[in-house]
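Chains as they are written, first to last, in numbering that gives the first Met the number 0: chain A, 0 to 219; chain X, 0 to 239.
For each residue, glycine too, the CB sits at the ideal point set by N, CA and C.
See below for the structure under consideration.
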Amino acid sequence: MEPTISFFSGLQISDIWYLIEAAWRTVMISALAISIGTVLGVIFGWILYEGRWAAALTLGPFLDVFRSVPLIIQLVLFYNFAPIIGLNLDPFFSGVVILAIYCASLVANVARGGMEAVSKSMRRAARSLGMSYWQDLRYVVLPIGGRAVFPSWVGVALGVMKDSALVSVLGYIELLKASQILITRTQEPLLILTIAGAFYFALSYPISRYAASIEKRWAS
Amino acid sequence: MIEIRGLEKYFGTLQVLKGIDLTVPKGEVLSIVGASGSGKSTLLYCINALEEIQAGSVSVDGTDVHAKSTDINALRQKLGMVFQQWNSFPHLTALENVALSPRIVKGKTKAEARDIAATRLEHVGLGDKLNVYPNALSGGQQQRLAIARALAMEPEYMLFDEATSALDPELVGEVLDTMRLLAEEGMTMICVTHEMSFARDVSDRVAFFHQGVIEEINTPDKIFGAPKSEHLQKFLANVR
Ligand SMILES: Nc1ncnc2c1ncn2[C@@H]1O[C@H](COP(=O)(O)OP(=O)(O)OP(=O)(O)O)[C@@H](O)[C@H]1O
Ligand SMILES: [Mg+2]
Numbered sequence: 000m001e002p003t004i005s006f007f008s009g010l011q012i013s014d015i016w017y018l019i020e021a022a023w024r025t026v027m028i029s030a031l032a033i034s035i036g037t038v039l040g041v042i043f044g045w046i047l048y049e050g051r052w053a054a055a056l057t058l059g060p061f062l063d064v065f066r067s068v069p070l071i072i073q074l075v076l077f078y079n080f081a082p083i084i085g086l087n088l089d090p091f092f093s094g095v096v097i098l099a100i101y102c103a104s105l106v107a108n109v110a111r112g113g114m115e116a117v118s119k120s121m122r123r124a125a126r127s128l129g130m131s132y133w134q135d136l137r138y139v140v141l142p143i144g145g146r147a148v149f150p151s152w153v154g155v156a157l158g159v160m161k162d163s164a165l166v167s168v169l170g171y172i173e174l175l176k177a178s179q180i181l182i183t184r185t186q187e188p189l190l191i192l193t194i195a196g197a198f199y200f201a202l203s204y205p206i207s208r209y210a211a212s213i214e215k216r217w218a219s
Numbered sequence: 000m001i002e003i004r005g006l007e008k009y010f011g012t013l014q015v016l017k018g019i020d021l022t023v024p025k026g027e028v029l030s031i032v033g034a035s036g037s038g039k040s041t042l043l044y045c046i047n048a049l050e051e052i053q054a055g056s057v058s059v060d061g062t063d064v065h066a067k068s069t070d071i072n073a074l075r076q077k078l079g080m081v082f083q084q085w086n087s088f089p090h091l092t093a094l095e096n097v098a099l100s101p102r103i104v105k106g107k108t109k110a111e112a113r114d115i116a117a118t119r120l121e122h123v124g125l126g127d128k129l130n131v132y133p134n135a136l137s138g139g140q141q142q143r144l145a146i147a148r149a150l151a152m153e154p155e156y157m158l159f160d161e162a163t164s165a166l167d168p169e170l171v172g173e174v175l176d177t178m179r180l181l182a183e184e185g186m187t188m189i190c191v192t193h194e195m196s197f198a199r200d201v202s203d204r205v206a207f208f209h210q211g212v213i214e215e216i217n218t219p220d221k222i223f224g225a226p227k228s229e230h231l232q233k234f235l236a237n238v239r
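So this is what it looks like as structure tokens:
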């Protein structure tokens with residue numbers, strides 16, 4: 000009779016630690032995916048913006064696919080088909096790969112918008128001072144365009160963090176998956192989902208506050 | 000010396016410059032006047048290779064501007080340019096706006112670049128605005144900032160493309176005064192302008208542009224006192 004008692008049991012302190020650990024895994028996978036996705040996305044956005052190579056012709060539709068196919072389908076397909084081409088990735092890395100590409104496909108548009116936000120005249124002024132193409136990008140386009148689209152980028156990043164919950168379908172135990180496990184055991188779905196929701200909020204809120212304060216500083 | 004020979008410029012099939020020959024010796028102040036769309040801005044852009052050319056040549060102190068082998072970023076340091084739009088870098092203070100290129104293009108240290116910037120801002124009358132961001136400056140002040148920024152590269156020539164056209168009338172004077180100051184100091188200047196009084200009083204020569212050619216070029220006295228071309232006579236009648 001002992002096992003059944005411990006099978007369904009109330010929420011314990013150790014469960015909170017379990018959730019905290021899981022939240023940490025959410026942070027890990029999101030931070031990694033957002034970092035890689037942002038770097039890739041800026042490069043993709045730049046290719047789209049310059050738009051003079053065949054690359055732009057193939058890249059656009061490629062990114063469209065990742066933007067429009069539901070993430071959960073991408074994850075399952077990638078996780079199951081990657082081994083066929085010899086990539087044996089664990090759920091964490093599969094998740095990072097797909098989330099990063101997904102993030103990159105969103106950031107690409109944001110980044111292109113940022114570059115378009117810098118007027119041609121501004122860029123000519125930079126070049127007329129003797130700046131090289133790359134110096135113009137680094138010292139003029141990046142800071143000016145970056146500020147223009149920073150709020151959109153924060154939106155993308157927070158979205159990717161929430162979407163990282165979908166990696167749970169691969170068996171990666173992040174915040175959502177951990178909550179489901181606890182719900183199965185405790186049969187307290189409302190309580191646990193509330194706690195999990197609070198965790199997500201606790202992760203996003205400081206980021207949006209911080210972003211808002213940066214925007215305010217730039218505006219002044 | 001800037002030497003332009005047989006310069007032709009097309010945008011697609013539209014020919015904007017139809018064979019320009021022009022020599023601007025060191026120390027000269029040349030004003031370019033002409034109707035909107037006649038190719039004045041395009042000529043300036045061809046001089047510092049912000050636009051490619053299709054025929055002819057531009058040389059600055061003997062260097063072919065459009066040759067593949069020319070280090071254009073080095074050459075552009077000789078050619079300061081001021082645009083109709085002020086193009087202040089909004090994320091940088093006035094001092095940082097001016098100090099940026101000396102630091103990253105010329106490789107000056109931070110301290111050197113700041114010294115250069117402070118001197119230049121003083122020069123254009125913005126000595127009290129060093130740490131102000133452009134959005135707190137008036138249009139006239141931002142245009143003077145743009146002039147200081149160009150001067151910080153120690154150019155030997157200055158190209159002005161309607162530097163006062165986007166300004167409120169009451170702010171035009173301060174920018175023209177700054178340009179006048181540069182002219183008095185002996186700077187070689189090519190000024191595209193709609194300010195006929197500036198063209199008359201400050202320039203050594205005035206060129207009248209009409210549909211992609213220099214239709215008449217002469218001293219201000221001759222251009223304004225005894226215009227030969229019919230188009231120029233019409234043009235002057237309209238701007239007066
Ligand atoms: N990037 C471009 N692409 C296509 N056409 C252009 C481009 N830039 C300028 N043009 C055209 O070239 C012609 C000359 O333009 P330009 O700007 O040199 O004239 P402008 O004499 O400076 O006129 P304004 O007094 O209005 O500044 C115009 O007909 C203009 O429409
Ligand atoms: Mg023009």
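query	result
X/G139 vs X/L166 beta-carbon contact at 7 angstroms	yes
Own chain residues within Cβ distance below 7 angstroms of X/S87, not counting five before or after	N96, P133, Q141, L144, A145
Backbone CA spacing between X/V105 and X/G26 [nearest angstrom]	Here the sequence assigns Lys to residue 105 of chain X, which means Val is not the residue at that position. Going by the C-alpha atoms only, they are around 24 angstroms apart.
Proximal residues of chain A, C-beta to C-beta of X/Q76 below 9 angstroms	L128, G129
Chain A residues whose Cβ lies nearer than 8 angstroms to that of X/I103	M130, Q134, Y138
Per-residue DSSP class, three states only, for X/K17	strand
beta-carbon X/S35 near ligand 1 non-hydrogen atom, thresh 6 angstroms	yes
Residue closest to X/A73, alpha-carbon to alpha-carbon, out of A/A116, A/G129, A/L98, A/V64	A/G129
Under 8 angstroms (Cβ pairs) to chain X, residues found in the stretch 22–35 of chain A	none
Cβ pair A/A156, A/I42 closer than 7 angstroms	no
Cβ of A/S120 within 7 angstroms of any chain X Cβ	yes
DSSP state of X/R148 mapped onto helix, strand, coil	helix
Neighbour list for X/N217 in chain A, Cβ cutoff strictly below 7 angstroms	Per Cβ cutoff of 7 angstroms: no residues; X/N217 is ~29 angstroms from chain A at best.
Nonlocal neighbours in the same chain, by C-beta distance under 6 angstroms from X/L21, ignoring five residues either side	I3
CB contact below 7 angstroms: A/R51 versus chain X	no
Of the residues X/F159, X/S196, X/H209, X/Y9, the one placed nearest X/M186, counting alpha carbons only	X/F159
Best match in X/G211, X/R204, X/E184 for proximity to X/F223 [C-alpha to C-alpha]	X/R204
Residue from A/Q11, A/S178, A/T185, A/I213 with nearest C-alpha to A/T25	A/S178
Contacts that A/P142 makes with chain X (C-beta to C-beta distance below 7 angstroms)	H90
Residues in the stretch 149–164 of chain X having any Cβ partner in chain A nearer than 9 angstroms	A149, A151, M152, L158
Residue environment, A/Y204, which counts as buried when at least 16 other CB atoms sit within 10 Å	exposed
Per-residue contacts from A/R208 into chain X (C-beta, under 8 angstroms)	Result: empty, since nearest Cβ-Cβ is about 22 angstroms, beyond 8 angstroms.
Closer than 6 angstroms: A/A64 CB and nearest ligand 1 heavy atom	The residue you asked about is not Ala; residue 64 of chain A is Val in the sequence shown. Flag unset: Cβ of A/V64 not near ligand 1.
Check: A/A118 C-beta below 6 angstroms from any heavy atom of ligand 1	It is Ser, not Ala, that sits at residue 118 of chain A in the sequence shown. Because no heavy atom of ligand 1 lies under 6 angstroms away, the Cβ of A/S118 does not count as near it: no.
Interface residues of the stretch 35–67 of chain X facing chain A [CB-CB below 7 angstroms]	N47, L49
Residue-level contact to chain X via CB, A/R123, 7 angstroms cutoff	yes
Check: X/K8 C-beta below 6 angstroms from any heavy atom of ligand 1	no
Straight-line gap, A/L202 to A/A195 (C-alpha atoms, nearest Å)	11 angstroms
Start-to-end residues for the beta strand (DSSP E) that takes in X/H209	204–209
Ligand 1 heavy atom lying under 6 angstroms from the CB of X/G38	yes
Rounded straight-line distance, which links the Cα of A/R184 to that of A/T3	Caution applies to A/T3, whose pLDDT of 46 falls short of 50 and renders its modelled position unreliable; the model cannot decide the point.
Residue closest to X/E121, alpha-carbon to alpha-carbon, out of X/A151, X/I103, X/S137	X/A151
Same chain only: Cβ atoms within 6 angstroms of X/R102, ignoring 5 sequence neighbours per side	A112
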